[in-house]
Amino acid sequence: MATDPASTQSSFKDHFSTIADAYAQARPEYPDALFDAIAAVVPAHASVWEPGCGSGQATRGLAARFAHVHATEPSAKQLAQHWAQGTHGNVTLAVEPGERTTLEDGSVQLVAVAQALHWFDREPFFRECQRVLTPGGVLAAWGYGDFIAPEGMIDAVEAFRSRIEPYWPPERAQIDARYAGYDWPFPALPAPELWLEVEWSLGQFLRYLSSMSAVARCTADTGEDPVARHGPALAAAWGGEGDTRQIQWPLFLHLRRKP
């Protein structure tokens, strides 16, 4: 039986509650190819645990392909922004840490972690995966690094990045390393190389920058919003006010099957 998840809540590093609204509105959606790759190794009748679900950027794609998704998030403010709030169907929501869930032993066929594994205490989280996954179940963990500066915007983007660089939490380096060096609990399955791509207006792009946790910390420390400071240079490099630009992020996926 699962125990009270509150026992691990004290170790939760909350980097996003203060920007929960911006995060929910500004973060890009994951591509169908990502969920297709997971569905290729997990049956459609699967029950899914999605720890660290945030405001639900991945939950929608999981719910479209699998029978049930139990989406959990330690930040009540972020979960309050989840698109499945107030609805029923095949998604349940709970405020729980990534290291502990109320799910029963051997009750899910997929644990899916979107852009969140680097925040977890991995040893107890991997033990929890071992507990809740059925034999043959899959742990899928993915993330995306920094976006590729569009053509003509490299200098403006690099100036902005230099401003916020000191304010990134140390866990960000794990994303940059694509989770290399982790002591994974299960053998690897083949996983494709993927891209996250959007076609955005300048306003959408600036809202995305404002959703970065490093921006919030920089603003709190200096009293100056780095997006506002660098916005004019970014806008000048963007092009016309009504123009859209393609923004791309390299997307990595780890698939691990429990024996």
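According to this note's numbering, the stretch in the sequence shown is residues 1 to 259, in order.
Note that the Cβ used here is the ideal one computed from N, Cα and C, for glycine as well.
Which whole-angstrom value is the C-beta distance of residue i and residue j, which I expect to be below 8 angstroms?
i: His-70; j: Leu-103; result: 6 angstroms
i: Leu-251; j: Trp-142; result: 6 angstroms
i: Ala-94; j: Glu-50; result: With 8 angstroms as the limit, Ala-94 and Glu-50 do not qualify as a contact, their Cβ atoms being about 11 angstroms apart.
i: Tyr-167; j: Trp-249; result: About 20 angstroms; that fails the 8 angstroms criterion.
Look up residue i in the DSSP assignment and say whether it is helix, strand or coil.
i: Ala-177; result: coil
i: Arg-27; result: coil
i: Val-132; result: helix
i: Gln-115; result: coil
i: Thr-101; result: coil
i: Ala-232; result: Sequence check: residue 232 is Pro here, not Ala. It is helical.
i: Thr-59; result: helix
i: Ser-201; result: strand
i: Ala-140; result: strand
i: Val-157; result: helix
Compare the C-alpha of residue i against each of the options and name the closest.
i: Tyr-30; options: Gln-57, Trp-49, Asp-36 and Ala-44; result: Gln-57
i: Asp-121; options: Trp-184, Pro-150 and Gly-145; result: Trp-184
i: Pro-187; options: Arg-257, Glu-123 and Tyr-167; result: Arg-257
i: Val-108; options: Ala-46, Thr-92, Ala-233 and Ala-236; result: Ala-46
i: Glu-99; options: Leu-117, Asp-243, Leu-189 and Leu-110; result: Leu-117
Starting from residue i, follow its DSSP beta bridges and name the residues at the other end.
i: His-68; result: Ser-47
i: Leu-206; result: According to DSSP, Leu-206 bridges with nothing at all.
i: Ile-262; result: For the chain, the structure presents residues 1 to 259; residue 262 sits outside this window and is missing.
Leaving aside the five residues before and after residue i along the sequence, list all residues of the same chain whose C-beta is less than 6 angstroms from its C-beta, in chain order.
i: Arg-217; result: Tyr-167
i: Arg-65; result: Phe-35 and Ala-39
i: Gly-240; result: none
i: Leu-234; result: Ala-156
Leaving out the 5 sequence neighbours to the left and right, which residues in its chain are closer than 8 angstroms to residue i when beta-carbon positions are compared?
i: Glu-165; result: Ala-214
i: Ala-44; result: Arg-65, Phe-66 and Ala-67
Take residue i and list the residues in its own chain whose beta-carbon comes closer than 7 angstroms to its own, dropping the five residues that flank it on each side.
i: Thr-222; result: none
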